[in-house]
Amino acid sequence: MSVLDTGTRIEADRAPAAAAAAEETPLRRLAADFFESRVAAAAFALLCVIIALALLAPAIVPQNPYNLAEVDVLDSRLPPGSRAMAGYTYWLGTDGAGRDLVSAMLYGLRISLAVGVVSCLIATVIGAAVGLVAAYAGGRVESLLMRLVDLQLSFPAILIALMLIAILGKGVDKIIIALVTVQWAYYARTVRGTALAEMNKEYVEAARCLGFGHARILFRQILPNVLPPLIVVATVQAAHAVALEATLSFLGVGLPRTEPSLGLLIANGFEYMLSGKYWISFFPGVVLLATIMAINLVGDQLRDVLNPRLRR
Amino acid sequence: MTAPAAAAEPLARPATLEVADLRTHFFTKAGVVKAVDGVSFAVAAGEVLGLVGESGCGKSVTGYSILGLVDPPGRIVSGSICFAGRDLVGAPEEELRRLRGSRIAMIFQDPMMTLNPVLRVDTQMVEAILAHRSIGRRAARELAREALAQVGIPAPERRLRAYPHELSGGMRQRVAIAIAFINAPDLVIADEPTTALDVTIQAQILHLAQELCRKTGTAMIWISHDLAVVSSLADRVAVMYAGTIVEQGRAGDVVGAPLHPYTRGLLGSVPSAVARGVRLAQIPGMTPSLLDLPPGCRFRARCPRAGEDCGVEPTVSSPRPGREVRCWRPHLEAAA
């Protein structure tokens, strides 16, 4: 067994602290730091509620707003608290097409969040891969990729998204393509910056000395170290994606009118705002605001917690 | 300058590694830095060779040259590195990559820096195995557990699940050593692996490394700036100065009766308990810039024995059996 029994005993005495901390994973430490801030904890709770509502929407809402058979046009633009013909109460009123706002909003939330999260994930994968390869390859490859990123970031996101939608047409998949296109560059830039710093660390040198191949070093050794800033950017960009999707839908170029996301609901109610029927735009607006704010607050706290320079 | 034989003393066992007249230069904008300039040595299986010298004398570059990991603007200009019957100089990158970590391994100075901070010990060890062997993850993990036990880590199963920051410095270096030895290499290059550790832990690590080499028959090059540490560990010692080996021989001989004035100076600047109250001897001056080496002996400007003849670069001579010295005026009179 041990070739050095005396040494073993000496060091075993010195290591109780390490043994006690052995069960502490980075994730647990992260969680403990994260919930130190009450605002962040509240934002996280709110976000969880929002996500749960969106996931469970079909089970908890009284009406399927996409099923025209369930929607009664005669109930259109009813104020909050009105009784439906079908017997239930429109707690937040109905929109111009007679859809129950609670139902429409939660279904809209599903679409908004799904589009945000999916586009965010795809953009993360593409951006991280581009950033890692650029940092690792260096030279011309790096210059080429990073100038592409610069070019991408020099255009306003909404402009590129509008142009893409104009070319591709409407639809959830098209929106996701547009969002990924305008967002991958942020990830690439962040990942490249962090990866460049990581590359100079000795564990990369040690990995080379162990005869690891390029892919193994990049994705098994460097990538895990690049994750913290990547997660932060992903959270912030998820909020951006949700907002951008809402903007596109509000402008009427995003999703089909029959399946309204939050942005489209706001747009639907916009025309009735001045006639006193505030609820059609107002409530979806509040939900959108709460969602984006919650994601941003969570992202901010994550950034603080994951930033080693700010760690106390 | 003549290319000396790898070692004057015939090795007891066939050499695992034979470096002959190795020159690794860095072609910087400021000029050519001759970091390694004509280095020759050999290491046999199970033998520990101490490579000693000041910072920047080319010890580490020698190590990286053997691994084929000299980054541009540096490159191996000439010489040969014979390992397992192959000359590694000019060998294809893929072949070198397969040697690294499996047949030639490296241990670094700071185990905090060389272990990946966000990966658990088992992940890192399993990765090191899977990079060179096609076995299952479970079998690899079992090997990793055995390797940890081998280097004297108590409760290896629990340590496997630990992150590097949860381990003490000595423990981390043991993990690093376990990783280096995990694929049963023929040669391990240890680059100042005890410099960052406490003296007590240092002794344990030295002992451990020595034991592992003896047991597994692995040859080891122990790079250090500390002649005292090396002499207690190594079988043979090579002293480097400004890119060349100025003296080599059996550890006891070199430390007991140094032939080169530089070795003598190095030993003189070690604080010892014996010479209490006596002012430490210093080597005057500074190491010459590797960018602009003076003609003749590189140590001439700092050497107390320098004379006219030192204006010509000294050749390697073997004034005593098993000893090599690169000096015109070695300390022959003092030796018993």
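Just so you know, the sequences run in chain order A and B. With my numbering applied, the first sequence covers 62 to 373. With my numbering applied, the second sequence covers 37 to 372. The beta-carbon is built from N, C-alpha and C at its ideal position, and this holds for glycine as well.
Do the CB positions of residue i and residue j come within less than 9 Å of each other?
i: F119 of chain B; j: R134 of chain B; result: no
i: K262 of chain A; j: M161 of chain B; result: no
i: A120 of chain A; j: Y197 of chain A; result: no
i: R136 of chain B; j: R364 of chain A; result: no
i: C109 of chain A; j: Q298 of chain A; result: no
i: L384 of chain A; j: P290 of chain A; result: Nothing in the structure corresponds to residue 384 of chain A, since chain A is present only between 62 and 373.
i: T52 of chain B; j: V79 of chain B; result: yes
i: V348 of chain A; j: I187 of chain A; result: no
i: V210 of chain A; j: V191 of chain A; result: yes
i: A304 of chain A; j: Y248 of chain A; result: no
i: V100 of chain A; j: L358 of chain A; result: yes
i: A58 of chain A; j: L240 of chain A; result: Only positions 62 to 373 of chain A appear in this structure, which leaves residue 58 of chain A out of reach.
i: R160 of chain A; j: V132 of chain A; result: yes
i: I219 of chain A; j: L323 of chain A; result: no
i: V88 of chain B; j: S260 of chain B; result: yes
i: R250 of chain A; j: L214 of chain A; result: yes
i: V134 of chain A; j: A158 of chain A; result: yes
i: Y298 of chain B; j: V282 of chain B; result: yes
How would you call residue i, buried or exposed, if buried means at least 16 neighbouring beta carbons within 10 angstroms?
i: V294 of chain A; result: buried
i: A76 of chain A; result: The predicted model places A76 of chain A with a pLDDT of 45, which falls under 50 and marks its position as unreliable, so this point remains unresolved.
i: G313 of chain A; result: exposed
i: A42 of chain B; result: Residue confidence for A42 of chain B is low, a pLDDT of 44 falling below 50, so the modelled location carries little weight and cannot support an answer.
i: K70 of chain B; result: buried
i: W340 of chain A; result: buried
i: W152 of chain A; result: exposed
i: A39 of chain B; result: The predicted model places A39 of chain B with a pLDDT of 42, which falls under 50 and marks its position as unreliable; any figure quoted below should be read in that light. Burial call: exposed.
i: C363 of chain B; result: buried
i: E332 of chain A; result: exposed
i: M256 of chain B; result: buried
i: P172 of chain B; result: As written in the sequence, residue 172 of chain B is Gly, which differs from the Pro given in the question. Under this definition G172 of chain B is an exposed residue.
i: A212 of chain B; result: buried
i: A287 of chain B; result: buried
i: A92 of chain A; result: exposed
i: P357 of chain B; result: exposed
i: N329 of chain A; result: buried
i: I275 of chain A; result: For the record, residue 275 of chain A in the displayed sequence is His; it is not Ile. H275 of chain A is exposed by the Cβ-count criterion.
i: I356 of chain A; result: buried
Pick out whichever of the options has its Cα sitting closest to the Cα of residue i.
i: L223 of chain A; options: A:L358, A:F311, A:L271 and A:G274; result: A:F311
i: G177 of chain A; options: A:N368, A:V359, A:T352 and A:D361; result: A:T352
i: I218 of chain B; options: B:L184, B:K251 and B:E228; result: B:L184
i: A66 of chain B; options: B:G82, B:D234 and B:L326; result: B:L326
i: T242 of chain A; options: A:R277, A:L271, A:G324 and A:E306; result: A:E306
i: I215 of chain B; options: B:G205, B:L151, B:I237 and B:S204; result: B:L151
i: R250 of chain B; options: B:V84, B:A232 and B:P330; result: B:V84
i: L351 of chain B; options: B:T60, B:R300, B:F63 and B:V75; result: Residue identity check: residue 351 of chain B is Thr in the sequence provided, not Leu. Of B:T60, B:R300, B:F63 and B:V75, the residue nearest in Cα terms is B:V75.
i: P330 of chain B; options: B:I319, B:C339, B:G347 and B:A317; result: B:G347
i: P200 of chain B; options: B:G321, B:D222 and B:V154; result: B:V154
i: L263 of chain B; options: B:S354, B:A255, B:G301 and B:R197; result: B:G301
i: R59 of chain B; options: B:P50, B:G94, B:L269 and B:D146; result: B:G94
i: T159 of chain B; options: B:M256, B:I171 and B:A176; result: B:A176
i: L350 of chain A; options: A:S173, A:E332, A:S143 and A:K231; result: A:S173
i: T296 of chain A; options: A:L316, A:Q244 and A:N329; result: A:Q244
i: T345 of chain B; options: B:L203, B:G332, B:V113 and B:G121; result: The residue asked about is misnamed: residue 345 of chain B is Asp in this sequence, not Thr. The residue with the shortest Cα to Cα distance from D345 of chain B is B:G332.
i: P123 of chain A; options: A:L162, A:M207, A:R281 and A:I238; result: A:L162
i: L128 of chain A; options: A:A165, A:F105 and A:I292; result: Inspection of the sequence shows that residue 128 of chain A is occupied by Asn rather than by Leu. It is A:A165.
i: A81 of chain B; options: B:S354, B:S268, B:P50 and B:L132; result: B:P50
With residue i and residue j assumed to form a contact (beta carbons below 8 Å), what rounded beta-carbon distance in angstroms separates them?
i: V266 of chain B; j: G86 of chain B; result: 3 Å
i: V224 of chain B; j: A141 of chain B; result: 5 Å
i: R359 of chain B; j: D289 of chain B; result: 6 Å
i: F335 of chain B; j: D227 of chain B; result: Their Cβ separation, rounded to whole angstroms, is 24 Å, which puts F335 of chain B and D227 of chain B out of contact at 8 Å.
i: P324 of chain B; j: A342 of chain B; result: Actually they do not touch by this definition, with Cβ atoms about 13 Å apart.
i: R197 of chain B; j: R156 of chain B; result: 6 Å
i: A167 of chain B; j: F273 of chain A; result: 5 Å
i: G115 of chain B; j: D57 of chain B; result: 4 Å
i: L316 of chain B; j: S305 of chain B; result: 6 Å
i: V55 of chain B; j: F77 of chain B; result: 5 Å
Curious, which full-length beta strand (DSSP E) runs of at least 3 residues does the segment 51 to 83 of chain B contain?
-> 51 to 64 and 67 to 80
Segments of 4+ residues assigned as alpha helix (DSSP H) that fall wholly inside the segment 208 to 286 of chain B | 235 to 252 and 263 to 269
Whole alpha helix (DSSP H) elements within the segment 286 to 371 of chain B, 4-residue minimum | 287 to 292 and 297 to 304
Of all the beta strand (DSSP E) runs that stay within the bounds of the segment 89 to 141 of chain B, which reach a length of 3 or more residues?
-> 110 to 119
Any chance you could list the alpha helix (DSSP H) runs of at least 4 consecutive residues sitting entirely within the segment 107 to 155 of chain A, in chain order?
-> none
Hey, which unbroken runs of the alpha helix (DSSP H) at 4 residues or more fall wholly within the segment 250 to 337 of chain A?
-> 263 to 270, 284 to 311 and 323 to 331
Contiguous alpha helix (DSSP H) assignments of at least 4 residues, all confined to the segment 161 to 247 of chain A | 162 to 198, 200 to 215 and 218 to 229
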